[in-house]
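Peer 1: Below is one structure. I have some questions about it.
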Amino acid sequence: MQETKPTITIKGTRDGLIIFIDENSSFEEIIKDLIKKLDASSPNKEEPVVSVKVKLGNRYLSEEQRSQLKEIIEEKNRFQIEAMESDVIPISDAKTWLDQSQLKVVNQIVRSGQVLETKGDLLLIGDVNPGGRVRASGNIYIMGNLLGIAHAGTEGDYEAFIAASYMKPAQLRIAEYISRAPDYEADGVYMECGIIDPVQNKIVIDSIKILSKQRKVISAFERRMNNG
Amino acid sequence: MGEAIVITSGKGGVGKTTTSANIGTSLALMDKKVCLIDTDIGLRNLDVIMGLENRIIYDIVDVIHGRCKLQQALIKDKRFDYLSLLPAAQTSDKSSVTTDGMKEIVTELKQEYDYIVIDCPAGIEQGFQNAIAGADRAIVVTTPENSSVRDADRIIGLLEKTDMDEPPRLVINRIRNHMMKNGDMLDVDDIVQLLAIDLIGIVADDEEMIKASNKGEPIALNPNFKASISYRNIARRILGETVPLQSLEDEKGFMQKVKEFFKI
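Protein chains in written order, with my numbering: chain W, 5 to 232; chain D, 4 to 267.
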């Protein structure tokens, strides 16, 4: 009989353990082998917690299977799963990713009472008039006057920001943060952006120059790839 | 085949009806066949401003419900042969007119008249939908106030979603020059920049306008007033002429000019 590749390979690195799981074996087989392998090492209460990365290769696991795997690994040993990495994602997930990472270019004036809503980043070529509203799950770039309400990161992306050629907005919203215009009459600002400042824990408006420092990865797709 | 123009604003009290009456009158002065339609069912005013209230027998609701023929409901103006008014009903409400009924009436009127000027009620509900149903193009009236400009913006948004051939055009009404100069009123340029549509005319606020409306004589009939010229200019622009915008400065008397010359 041909010598088969072991289903489970465990490697130690400086940052912890990496468990490679062979992508050609069935899930039941993996579970069996995994239990066998883990049982071999007797757990020691004194040992520090070891972080574990699970590499799944070209295998897709459902949520259920993932939690089963996690349970087995974390059950007996002092292991803590740090990440499960799979090289594949289902088409539906990929589609949502794509949707959310695309830059939608819209050329219109968003007038009072109108709502422009997009998935992903929004590039609006035109004004947002008072009473108008733009919403995007990613960043919002406005080549025009922002006088109404802009809401970036509608699905909870705190890294999202709002940039405009001219802004004098009624409100800026990022994820669930809201900031509103001051009650006194103020002039608008040119070429600035609204961004969440983690120190002050609120939305601040600053020159768009700060973006190159604070938001290195502007492209929504790369952002998505990094953050999962 | 005529053209139907709806005069609308969203907000009430900015001068839609006055504008309708005066644009209609100005077009009639240029020998165009004009029919005015009042679509403000329940709150009709156009007949009062035109001074034709006492001539009403049938109204637009009667036409739509088949109680009379369209020709019977039309009121001929006392000053012009080819200026007619289709009055609104005072006793019904806006739901007694349908968009289809409106379209039919406008199509029929277009056969005979050059311009159909439709006076729209305030608001964005059924009455507004009825008024714009048969229109080929729209004129949005606003005053230099924030609330009025906001509503005009909303209306322009709604008009852009319809299948009208041309984008709406803008009339800025009730301009008080000294307030605009001091920055107490929105500037014409600011309004045009915000609304981003073509300006078709500006009309100064004039007490004579109130007098004229009360007399039932549209101010456009009397060329001695600035507002009258403004409306006539709008009518000329509707006809496709290029007319420069009127200066908002008050005409100075001779003595005043002399005084200014000597810097007194």
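Glycine included, each C-beta is placed from N, C-alpha and C at the ideal position. Computed from a predicted structure; not experimentally measured.
1) To which residues of the same chain is residue 167 of chain W closer than 6 Å at the C-beta, ignoring the five residues directly before and after it?
2) Is residue 14 of chain D buried or exposed, if buried means 16 or more other CB atoms sit within 10 Å of its CB?
3) Checking 9 Å against the spacing of the C-beta atoms, do residue 230 of chain D and residue 209 of chain D come in under that value?
4) Taking 9 Å as the CB-CB cut-off, is residue 130 of chain D touching chain W?
5) Counting pairs of beta carbons, one from the segment 84-100 of chain W and one from the segment 57-66 of chain W, are three or more of them closer than 8 Å?
6) Per DSSP, what kind of secondary structure is residue 68 of chain D in: helix, strand or coil?
7) Please classify residue 135 of chain W: is it buried, with 16 or more other beta-carbons within 10 angstroms of its beta-carbon, or exposed?
8) Assuming residue 1 of chain D and residue 203 of chain D make a contact with CB atoms under 8 Å, what is their CB distance in whole Å?
9) Give the secondary structure of residue 183 of chain D by DSSP, where H, G and I count as helix, E and B as strand, and everything else as coil.
10) Are the C-beta atoms of residue 214 of chain W and some chain D residue less than 9 Å apart?
11) 9 Å is my cut-off, CB to CB: does residue 113 of chain W come that close to chain D?
12) With a cut-off of 8 Å, do at least 3 Cβ pairs link the segment 210-225 of chain D to the segment 22-29 of chain D?
13) Just tell me which of D:190, D:123, D:61 has its CA closest to the CA of residue 158 of chain D.
14) Are any of the Cβ atoms in chain D nearer than 9 Å to that of residue 118 of chain W?
15) Within the same chain, show all residues whose beta-carbon is closer than 6 Å to that of residue 105 of chain D, passing over the 5 residues directly before and after it, in chain order.
16) Give a yes or no on contact between the segment 173-185 of chain W and the segment 201-218 of chain W, applying the rule of three or more CB pairs nearer than 8 Å.
17) So, is the C-beta of residue 163 of chain D closer than 9 Å to a C-beta in chain W?
18) Grouping DSSP H, G and I as helix and E and B as strand, with all else coil, what is residue 112 of chain D?
19) Alpha carbon to alpha carbon, how far is residue 113 of chain W from residue 52 of chain W? Give it in angstroms, no decimals.
20) Which residues does DSSP list as the beta-bridge partners of residue 38 of chain D?
21) Cβ closer than 7 Å: which chain D residues qualify as neighbours of residue 134 of chain W?
22) Assign residue 5 of chain W to one of two classes, buried (16 or more other C-beta atoms within 10 Å of its C-beta) or exposed (fewer than that).
23) Among W:32, W:38, W:18, which one has its Cα closest to the Cα of residue 24 of chain W?
24) Below 9 Å between beta carbons: does that hold for residue 133 of chain W and residue 173 of chain D?
25) Look at residue 7 of chain D and residue 118 of chain D and say whether their C-beta atoms are less than 9 Å apart.
26) Residue range of the beta strand (DSSP E) that residue 128 of chain W falls in?
27) Have a look at W:149, W:190, W:32 and flag the residue whose alpha-carbon is nearest the alpha-carbon of residue 72 of chain W.
28) Look at residue 151 of chain W and residue 139 of chain W and say whether their C-beta atoms are less than 9 Å apart.
Peer 2: Let's see:
1) For this step, residue 167 of chain W is matched to residue 163 along the first sequence. Within the same chain, and ignoring the five residues on either side of residue 167 of chain W in sequence, the residues whose Cβ sits closer than 6 Å to its Cβ are 145, 197, 212.
2) For the purposes of this step, residue 14 of chain D is taken as residue 11 along the second sequence, with counting starting at 1. Buried: at least 16 other Cβ atoms inside 10 Å.
3) For this step, residue 230 of chain D is matched to residue 227 along the second sequence. For this step, residue 209 of chain D is matched to residue 206 along the second sequence. Yes, these two residues count as a Cβ contact at 9 Å.
4) In the second sequence, residue 130 of chain D corresponds to position 127, counting from 1. Taking Cβ atoms only, chain W never reaches closer than 9 Å to residue 130 of chain D, which makes this a no.
5) Short answer: they touch.
6) Numbered from 1 along the second sequence, position 65 holds the residue referred to as residue 68 of chain D. Residue 68 of chain D falls in the coil class under three-state DSSP.
7) Counting from 1 along the first sequence, the entry for residue 135 of chain W is found at position 131. So residue 135 of chain W counts as buried.
8) What the structure shows of chain D is the stretch from 4 to 267, and residue 1 of chain D is not part of that stretch, so it cannot be assessed.
9) If you number the second sequence from 1, residue 183 of chain D lands on position 180. Look at residue 183 of chain D here: in three-state DSSP terms it is helix.
10) One-based indexing of the first sequence puts residue 214 of chain W at position 210. Taking Cβ atoms only, chain D never reaches closer than 9 Å to residue 214 of chain W, which makes this a no.
11) The count along the first sequence starts at 1 and reaches residue 113 of chain W at position 109. Chain D contact via Cβ: present.
12) Remark: three or more beta-carbon pairs, one from each stretch, lie closer than 8 Å, so the segment 210-225 of chain D and the segment 22-29 of chain D are flagged as touching.
13) Position 155 of the second sequence, counted from the start, is the residue given in the question as residue 158 of chain D. Nearest C-alpha to residue 158 of chain D: D:123.
14) The residue given as residue 118 of chain W occupies position 114 in the first sequence. Chain D contact via Cβ: present.
15) Taking the second sequence and counting its residues from 1, one reaches residue 105 of chain D at position 102. Closer than 6 Å at the Cβ level, and outside the excluded window around residue 105 of chain D, lie 133, 136, 137.
16) Note that the segment 173-185 of chain W touches the segment 201-218 of chain W; at least 3 beta-carbon pairs, one per stretch, sit closer than 8 Å.
17) Here residue 163 of chain D refers to the residue found at position 160 of the second sequence. The beta-carbon of residue 163 of chain D is placed less than 9 Å from the nearest beta-carbon of chain W.
18) Here the question's residue 112 of chain D lines up with position 109 in the second sequence. Three-state DSSP puts residue 112 of chain D in a helix.
19) Stepping through the first sequence from its first residue, residue 52 of chain W is reached at position 48. Stepping through the first sequence from its first residue, residue 113 of chain W is reached at position 109. The alpha-carbon separation between residue 52 of chain W and residue 113 of chain W amounts to approximately 60 Å.
20) Position 35 of the second sequence, counted from the start, is the residue given in the question as residue 38 of chain D. The beta-bridge partner set that DSSP reports for residue 38 of chain D consists of D:87, D:119.
21) One-based indexing of the first sequence puts residue 134 of chain W at position 130. The CB of residue 134 of chain W comes closer than 7 Å to the CB of 153 in chain D, given here in chain order.
22) On the first sequence, position 1 is the one that residue 5 of chain W refers to. Residue placement at residue 5 of chain W cannot be trusted, given a pLDDT of 47 that sits under 50; the coordinates are not used to answer.
23) Reading the first sequence from its first residue, position 20 is the one you call residue 24 of chain W. Nearest of W:32, W:38, W:18 to residue 24 of chain W, Cα basis: W:38.
24) Taking the first residue of the first sequence as position 1, residue 133 of chain W is located at position 129. Taking the first residue of the second sequence as position 1, residue 173 of chain D is located at position 170. Against a cut-off of 9 Å, the Cβ pair of residue 173 of chain D and residue 133 of chain W comes out as no contact.
25) By 1-based counting over the second sequence, the position of residue 7 of chain D is 4. By 1-based counting over the second sequence, the position of residue 118 of chain D is 115. Yes.
26) The residue labelled residue 128 of chain W in the question sits at position 124 within the first sequence. Here the beta strand (DSSP E) through residue 128 of chain W covers 125-129.
27) The residue you call residue 72 of chain W lines up with position 68 of the first sequence. Distance from the Cα of residue 72 of chain W is smallest, within the candidate group W:149, W:190, W:32, for W:32.
28) Locating residue 151 of chain W in the first sequence gives position 147, where the first residue counts as 1. Locating residue 139 of chain W in the first sequence gives position 135, where the first residue counts as 1. Contact: no.
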